[in-house]
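First to last, the sequence lines map onto chains A and B. Under the numbering used here, think of the first position of the first sequence as 1073, with each following residue one higher. Under the numbering used here, think of the first position of the second sequence as 17, with each following residue one higher. Heads up, the beta-carbon is just placed ideally off N, CA and C, and yes, glycines get one too. Remember, predicted model here, so these are calculated numbers, not experimental data.
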Amino acid sequence: MRTRGFLTLALILIVAALLRTLIGPASSDDGLRLAFSIPSGEILWLRSMSVTSAAVVGATLGLSGLALQTLLRNPLASPFVLGISSGAGFGVACVLVVGYMLRTSGDTSGGTSGDIGALPWATETIGAVVGGSVALAIVSRFGRMGDNHNPTTLVLAGVILGSIFSAGTALLEHLVPHGLRGDLLSWMAGRLPEIPNTAQLITLAFVTLVGFVVLVRSAPALDVSMLSDDEAHSSGVDLRRLRGTLFWTGGVLAGIAVAYAGPISFIGLVGPHLARRLLGPHHAALVPGAALAGAVLLVAADAVRQMIDLGSGRLPVGVLTALAGGPAFLWLLRRGFQQGGHDRGVVR
Amino acid sequence: MAPMPDPRETPHLKLRAASDEPSPEMSPEASATNSHAASKTNARTNSRTNSRTNSRDVLEDVLDDLEPATKDASTRRRKARVGYLQQMIGFAVVVGLLWLLFGQGSPLAKQREPTIAPVVETPRPWVATTSPAISDTLWHLGLIAHVVGRSPYCARVPKAVPVIGDLRDFDAERLALAKPDVLFVQPPLAGVDPALRTFCEKNGIRVVEQRLDSFAETRALVDQIARTFATEAKSGGDGLAGRLADAEKLFADFEAATAQSALATDPTDAPRNTATRARPKVLCLVSADPFLAVGHDNYLHELLTAEGFENTLDREGWIEVAPEAIVALNIDAVLAIAESARGAERMRAAISQLPWTGASPVSAVVEAPQLLAPSLMALADRGRLRASYERAIAESKR
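As C-alpha cells, this is what we get:
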C-alpha cells in the first residue's frame, strides 16, 4: 500500500510539474498567447523556478499541517484554519509597514528620490515566524479544556484569531499611502515567485529539511501520541517534549512558508489527509507523504492557474487553493462528524 | 455417530471465511462490522452444532444467519462503488465546467477578447508599468501605444496588453515575453525585490522606480519619462516634446497656484456658504461607505490647496471619519470625488443623509477617477474641483 501510495504521489507530482513547465504564455510572430509550448533558455528557467517554489512551499505547508494535526490530535488543524497563516501575515505586514515608514521618514530629497531601498528579506521571515508562533500559542491556550484540546473549540479559536489578525492587517493598511494599499491585499492573495530570492528559497528549503528530519525521527513517538495521554506515557513517550517539538516545528514551518509565498490556504489541511488516505496512518510514511502531497497540490494549483486569465492576469495562487480547498474542508468536516472521526483524531 | 462436518468446509461457510478478511474496496468500518457479525454467527453456529445432530439443519440455520450479513456487506461494497463513481463523475463535471469557462479552445473562451496582445506594431521604446498613476501619466503624454505590459488596475491601457502583475506579484514570464525596454514601478512597501532587479538587468530591462505620494514625485516621473524617450520639452513642438512642455506648464501653474493660495487670508468672520471667503474650509471625501477623508501630506491635499481650499482635517494620511464627527466640523463645503457615476450617486445620497445641525454646508460631488491617482491627468483636471464647488454655491443660492 505504501509503495503504491508513494508511487501515485510521485507520478502526480511529475505530471503536474511537467504541465506547469509546458503551460505558459507563448511568444509567436503575431503576438503572445497562452498555450502549451516547449520552453527553452530563460523561460525554462523561470518555469522551473516556479515549480521549485511551489514544491518547496507545498512540502513546507504539508509538513506544518501534519505537525499541527498530530500536536492537537485534530484532523481539522492546519496553519490556515488555526489562524497561524493570518498571524504570520500580520507579522509580515507589521514589518513591511514599519520598515516603509522608517525608510521614508529619513527621506531628505523632498520626496523625489524614487528608490526607497528594499527591505531585507530576513526581516519579513522573522516577522512571519514570530507572528505565526504567537498565533499558535494563543490558539493552543484558548483551545485547551482541562488537559486536552477540544477540536471544535480549537477550530473556533483559530477562526476568531484569524479574523482578529486579518483586521490588524487591514488596520495597518490605513497607515500606508493610498497608492500602496493594494500592496498588502495583493500579498495576502499568495504568490509563487518565478524569480525567487535565492537566499530566501535556500533558507526555506533548509528549514523544511530540518523540520522533515525532526518529524521523521519522531515518527514512532508521533504514532503513540495519537493514543490517549496515559497510553502514550505508559509507552515511555515524553509527551511534553514531543508537543514542544511539534509546536515549534508547525509554527516555524508555517511562518517561513507565509514569509516566502504569502498565506496560501488549505494546502496544510488537505495535504496530510491526502497522504493519510494513500499511505495509512503511520507517521514513518505519513511525514514524507504529507510533504509530497503538499508539493503535489501546490504544483498542480500553480499549473492550473496559468490557464485561468479573466482579463486581469493569471489568478493568484491563494485564490485558487481557497476555491478548491474550501469545499474540501467542508467535505472533511462533514465526513469527520458523520464518522465521529474528530473524536478519534483521524479522518480517513 | 457420524462426525460433524466442519461448517467451514461447506461452500456457504467458505464464503463467510472469505468475508472475514477485510476487502481492499471495503471501508475499515464496513469490514469491522462484517467481521464482528461473522464472529457472532460463528459462536452461535458452534453452540448449535453441539446440541443438534442433523448437519443439514445446522447448515440451513447457518445459511439463514449468514444471508443478511453477506447481503449487508455486498450492499456496502456496492454503495462504496457507487459513491466512488459519483465522486469521479463530480470531478469530471467540475473539470469540464472549468474547461468550458476558462480552457483553451473552449467555445466560451473563444468568444472572449484575447488577453495577451500583439506587440509587433508597438513603437519603440517599449514600456511596462505596474502602477495606474504611471499609466495615466503615460496616457496623458500620448505614450500609451508604447505600453506592452500593465497591471490589472491600469484602466487606460488597452485590455489586450498583457497583465504582468501588480506591485508585489510579478508574472516574470509575461514580463520576459513582453520584452519591455523600461519597467516603471511604484515601489511596494518592501521595496523592489532585488531578485527582480537582477532579472531585469540580465534581460536588458531598465527599472525606473518612482514613489508617487506628491506632485513633486509626479514631476520626477515625467522627467524620467522624458529621459526614457530621449525627448526634451519644447514649447509649440510636435508630439512628445510639445506635450512635455504642456506638462511643464501644468506643474508651473500648479506651483504658482499653491503659492498664491498660501498667501490668501482666511477671514473667520466671513459668512458660511459663500464664495467670498478666500479659502473655503472643506472636507474632501474619497469614499462614503465608510466616509474616508483626505488628510494632509498627500497629493489630494496639495490639489485642494492649489485650488484655494483649506483642508479642514489637520491630520496626515487618509482618515475614516464618523458621521457625527463630520457634522461637528465647522466647514463651508463637503467635496467628494467619485470613481463612477454610480459612486457619485451613492456619495450624494450618503452626504444628504448626514444629520446636520443648523445650516448644512454646500456639497459638491465630482465624478473624476483621474483625480484619484497622482498623475498628470489629475493635475490637468484639478480645476474640476473648484468648478464643482462654484456650481454647488450657485445652486445653493438659487
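List, in order along the chain, the chain B residues whose C-beta lies closer than 8 Å to that of residue i?
| i | result |
| --- | --- |
| His1345/A | What His1345/A touches in chain B: nothing, since even the nearest Cβ is about 15 Å away. |
| Ser1384/A | Pro168 and Val179 |
| Val1231/A | The premise fails here: Val1231/A is roughly 25 Å from chain B at the closest Cβ pair, so nothing lies under 8 Å. |
Please work out which residues of its chain come closer than 7 Å, Cβ to Cβ, to residue i, disregarding the five sequence neighbours upstream and downstream, and give them in chain order.
| i | result |
| --- | --- |
| Phe215/B | Ala188 |
| Thr1280/A | Val1128, Ala1131, Thr1132, Leu1135 and Leu1325 |
| Val1296/A | Ala1304, Ser1307 and Val1309 |
| Leu191/B | Ala144, Gly165 and Ile180 |
| Arg213/B | Val223 |
| Leu1085/A | Leu1364, Ala1367, Val1368 and Val1371 |
| Ile1210/A | Leu1233 |
| Ala48/B | Confidence at Ala48/B is low in this model, with a pLDDT of 45, below 50, so its placement is unreliable and no value can be given for it. |
| Cys1166/A | Gly1199 and Leu1244 |
| Val1376/A | Leu1392 |
| Ala1400/A | Phe1338 and Val1342 |
| Leu384/B | According to the sequence shown, residue 384/B is Ala rather than Leu. These residues qualify, in order along the chain: Ile353, Asp397 and Arg400. |
For a contact defined as C-beta to C-beta under 7 Å, what are the partners of residue i on chain B?
| i | result |
| --- | --- |
| Pro1249/A | Asp229 and Asn314 |
| Ala1190/A | Ala206, Gly207, Val208, Asp209 and Pro210 |
| Arg1406/A | Those within 7 Å of Arg1406/A in chain B number zero; the least Cβ separation is about 13 Å. |
| Ser1168/A | Sequence check: residue 1168/A is Leu here, not Ser. In chain order: Leu205 and Ala206. |
Excluding five sequence neighbours on each side, which residues of the same chain lie with their C-beta closer than 6 Å to the C-beta of residue i?
| i | result |
| --- | --- |
| Ser404/B | Ala380 and Val382 |
| Gly1340/A | Leu1133, Ser1136, Gly1137, Ser1150 and Pro1151 |
| Gly333/B | Gly311 |
| Thr328/B | Lys297, Leu299, Leu345 and Ile347 |
| Gly1215/A | His1221, Thr1225, Leu1226 and Ala1229 |
Which residues in the same chain have their Cβ closer than 8 Å to the Cβ of residue i, if we skip the five residues on either side of it in sequence?
| i | result |
| --- | --- |
| Arg398/B | Phe270, Leu319, Ala322, Glu323 and Leu387 |
| Ala1396/A | Phe1338 and Ala1373 |
| Lys413/B | none |
| Leu1116/A | Thr1093 |
| Leu1314/A | Ser1290, Ala1293, Leu1294 and Ser1297 |
| Arg1119/A | Arg1092, Thr1093, Gly1096, Pro1111 and Glu1266 |
| Gly1182/A | Any answer about Gly1182/A is weak, because its pLDDT of 45 lies below 50 and its placement is not dependable; what the coordinates show is given next. Once the five neighbours on either side are set aside, Gly1182/A has no close Cβ partner at all. |
Give the residues of chain A in contact with residue i, contact being defined as C-beta atoms less than 9 Å apart.
| i | result |
| --- | --- |
| Trp142/B | Within 9 Å Cβ-Cβ: nothing; Trp142/B doesn't reach chain A, min ~13 Å. |
Give the residues of chain D in contact with residue i, contact being defined as C-beta atoms less than 7 Å apart.
| i | result |
| --- | --- |
| Tyr1172/A | Within the model displayed, chain D is absent; protein chains A and B are what it includes. |
At 7 Å on the CB atoms, spell out the chain A contacts of residue i, in chain order.
| i | result |
| --- | --- |
| Asp187/B | Gly1385 and Arg1386 |
At 8 Å on the CB atoms, spell out the chain A contacts of residue i, in chain order.
| i | result |
| --- | --- |
| Ala192/B | Glu1114, Ile1115 and Leu1118 |
Listing by chain order, which chain B residues have their CB less than 9 Å from the CB of residue i?
| i | result |
| --- | --- |
| Glu1196/A | Ala206 |
| Gly1096/A | Glu189, Arg190 and Leu193 |
Regarding residue i and the ligand FAD, is the C-beta to nearest heavy atom distance less than 8 Å?
| i | result |
| --- | --- |
| Thr1275/A | In the structure shown, the ligand FAD is absent, as is every other ligand, since no ligand is present at all. |
Under 7 Å, CB to CB, which of the residues in the stretch 201 to 217 of chain B have a partner in chain A? Per Cβ criterion, the list reads Gln202, Pro203, Pro204, Leu205, Ala206, Gly207, Val208, Asp209, Pro210, Ala211, Leu212 and Phe215.
Using a Cβ cut-off of 8 Å, which residues of the stretch 1239 to 1269 of chain A contact any Cβ in chain B, in chain order? Listed in sequence order: His1246, Leu1247, Val1248, Pro1249, His1250, Gly1251, Leu1252, Gly1254, Asp1255, Leu1256, Ser1258, Trp1259, Ala1261, Arg1263, Pro1265, Glu1266, Ile1267, Pro1268 and Asn1269.
Does the stretch 1303 to 1312 of chain A touch the stretch 1371 to 1381 of chain A, meaning 3 or more C-beta pairs lie closer than 8 Å? The stretch 1371 to 1381 of chain A makes no contact with the stretch 1303 to 1312 of chain A, as fewer than three CB pairs between them are under 8 Å.
Residues in the stretch 151 to 163 of chain B having any Cβ partner in chain A nearer than 9 Å: Answer in chain order: no residues at all.
Pairs of beta-carbons, one from the stretch 1193 to 1207 of chain A and one from the stretch 249 to 259 of chain B, closer than 8 Å: are there three or more? In the pairwise beta carbon analysis, the stretch 1193 to 1207 of chain A is classified as not touching the stretch 249 to 259 of chain B: fewer than three pairs are separated by under 8 Å.
Which full runs of the beta strand (DSSP E) of 3+ residues lie inside the stretch 1085 to 1155 of chain A, going along the chain? For secondary structure counted as the beta strand (DSSP E) over 3 or more consecutive residues, the stretch 1085 to 1155 of chain A holds these complete runs in sequence order: 1095 to 1100 and 1103 to 1108.
Within the chosen definition, does the stretch 137 to 153 of chain B reach the stretch 168 to 175 of chain B through at least 3 CB pairs nearer than 8 Å? As far as the Cβ criterion goes, the stretch 137 to 153 of chain B touches the stretch 168 to 175 of chain B, which means the pair count is three or higher.
When you compare the stretch 1230 to 1239 of chain A with the stretch 1145 to 1158 of chain A, are there three or more beta-carbon pairs, one atom per stretch, that lie closer than 8 Å? With the rule of 3 Cβ pairs closer than 8 Å, the stretch 1230 to 1239 of chain A counts as touching the stretch 1145 to 1158 of chain A.
Counting only runs that start and end within the stretch 1206 to 1272 of chain A, where is the alpha helix (DSSP H) found for 4 or more residues in a row? Every alpha helix (DSSP H) stretch that sits fully inside the stretch 1206 to 1272 of chain A and reaches 4 residues is listed by chain position as 1223 to 1245 and 1253 to 1260.
Assess, as a yes-or-no matter, whether the stretch 159 to 166 of chain B is touched by the stretch 211 to 227 of chain B under the definition of 3 or more beta carbon pairs within less than 8 Å. Too few Cβ pairs lie closer than 8 Å, so no.
Would you call the stretch 1079 to 1091 of chain A and the stretch 1347 to 1367 of chain A touching, i.e. three or more CB-CB distances under 8 Å? Inter-segment contact for the stretch 1079 to 1091 of chain A and the stretch 1347 to 1367 of chain A is present: three or more beta-carbon pairs are separated by less than 8 Å.
Contact list for the stretch 324 to 347 of chain B against chain A, Cβ threshold 9 Å: Cβ contacts with chain A: Gly333, Trp334, Ile335 and Glu336.
Which parts of the stretch 1331 to 1412 of chain A are runs of the alpha helix (DSSP H), unbroken and 4 residues or longer, counting only runs that do not cross its ends? Counting only runs of 4 or more, we get 1339 to 1351, 1355 to 1378 and 1389 to 1411.
Could you say if the stretch 337 to 344 of chain B and the stretch 297 to 313 of chain B meet the contact criterion of at least three C-beta pairs nearer than 8 Å? Segments in contact, yes.
Sequence ranges, alpha helix (DSSP H) only - wholly within the stretch 203 to 270 of chain B, length at least 4: Listed in chain order, the complete alpha helix (DSSP H) runs (minimum 4 residues) inside the stretch 203 to 270 of chain B are 210 to 218 and 231 to 244.
Assess, as a yes-or-no matter, whether the stretch 1388 to 1404 of chain A is touched by the stretch 192 to 203 of chain B under the definition of 3 or more beta carbon pairs within less than 8 Å. At 8 Å Cβ cutoff, the stretches do not touch.
Which residue spans inside the stretch 351 to 400 of chain B form an unbroken alpha helix (DSSP H) run of at least 4? Within the stretch 351 to 400 of chain B, complete alpha helix (DSSP H) segments of at least 4 residues are found at 357 to 368 and 392 to 396, given in chain order.
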